Each structure stands twice: as structure tokens, then as C-alpha cells.
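Peer 1: Be aware that the sequence shown starts at 12, since it is given in the working numbering, and climbs by one per residue.
Note that beta-carbon positions come from the ideal geometry of N, C-alpha and C, so glycine has one too.
The structure displayed is predicted, hence computed values, not measured ones.
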Amino acid sequence: MTKYLLAAVLFILIGYGFIEAWPLLDGPTLVIDSPTDNAPFPGGIVVLRGKAARAAEFTLNGAPVLHDQDGSFSSTLTFPRGGSILTFVATDRFGRTVTATRSIFVP
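Next up, the structure:
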């Protein structure tokens with residue numbers, strides 16, 4: 012009886028540890044809420060909004076982007092006329108990266 016109880020407790024502890032460690036094993040995530048892909052911006056003013064979870068470094072076209080502790084970010088940028096490609100890259104502390112690309116157009 013004691014063996015089964017010990018095995019059950021050990022199984023529960025290992026399962027809990029795996030559940031808690033999963034975000035570290037999974038790597039960074041990146042969600043871009045704004046802008047949507049191929050969106051027009053007649054005034055040239057673009058609001059960037061989204062979340063880069065578990066990211067030690069977060070960049071837009073190679074320039075660092077400030078984000079909150081939970082990974083949320085929001086910024087307003089102005090773009091010249093024509094098309095632009097925005098490349099978002101989130102990198103975690105282990106060097107794993109995730110990339111999202113958006114194309115915008117300013118008429």
C-alpha cells in the first residue's frame with residue numbers, strides 16, 4: 012500500500028513539474044494584433060500592438076522594442092509613402108527565435 016501511495020505522489024510531482032516547465036521548453040511566442048498584413052494606412056501613422064511572451068529580446072526590423080513584463084507592447088510609428096515590410100523577432104534567453112512579418116502600405 013505504501014509503495015502505491017509513494018508512486019502516486021511521485022507521479023503527481025513529476026507531472027506538476029512538467030506542466031510548470033512547459034513554457035520554458037516551448038520557447039517564445041509572438042502575437043501581432045496590429046497592424047494586419049497588407050493593411051493600408053492613409054495617414055502614414057501605424058499603431059503596433061501585440062504580445063511577445065517569454066522573450067528576452069524583442070526587435071522590429073533589428074531595432075529593440077520595449078515591452079511590458081508580461082510581453083505586451085504598444086507603439087505608434089510614422090512611415091513614408093509606399094510599401095514597408097515589418098519584421099518582428101522575439102528571442103528567448105536560450106537563443107530560440109520566432110518571427111512574424113507584416114506588410115503595410117501608405118498611399
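Three-state secondary structure (DSSP) at residue 140?
Peer 2: Residue 140 lies beyond the range of the chain shown here (12 to 118); nothing can be said about it.
Peer 1: Return the CA-CA distance between residue 15 and residue 100, expressed in angstroms with no decimal places.
Peer 2: Taking the first residue of the sequence shown as position 1, residue 15 is located at position 4. Taking the first residue of the sequence shown as position 1, residue 100 is located at position 89. Approximately 48 Å between the Cα atoms of the pair.
Peer 1: Hey, how far is the Cα of residue 27 from the Cα of residue 21?
Peer 2: Residue numbering aside, residue 27 sits at position 16 when the sequence shown is read from its first letter. Residue numbering aside, residue 21 sits at position 10 when the sequence shown is read from its first letter. Taking the straight line joining both Cα atoms gives about 10 Å.
Peer 1: Can you check which of these residues, 117, 31, 110 and 23, is closest to residue 71 by C-alpha distance?
Peer 2: In the sequence shown, counting from the first residue as 1, residue 71 sits at position 60. Cα-wise, what sits closest to residue 71 is 110.
Peer 1: Output needed for residue 83: all residues of its chain with C-beta closer than 6 Å, excluding positions within five of it in sequence on either side, in chain order.
Peer 2: Taking the sequence shown and counting its residues from 1, the one referred to as residue 83 is at position 72. Result list for residue 83: 62, in chain order.
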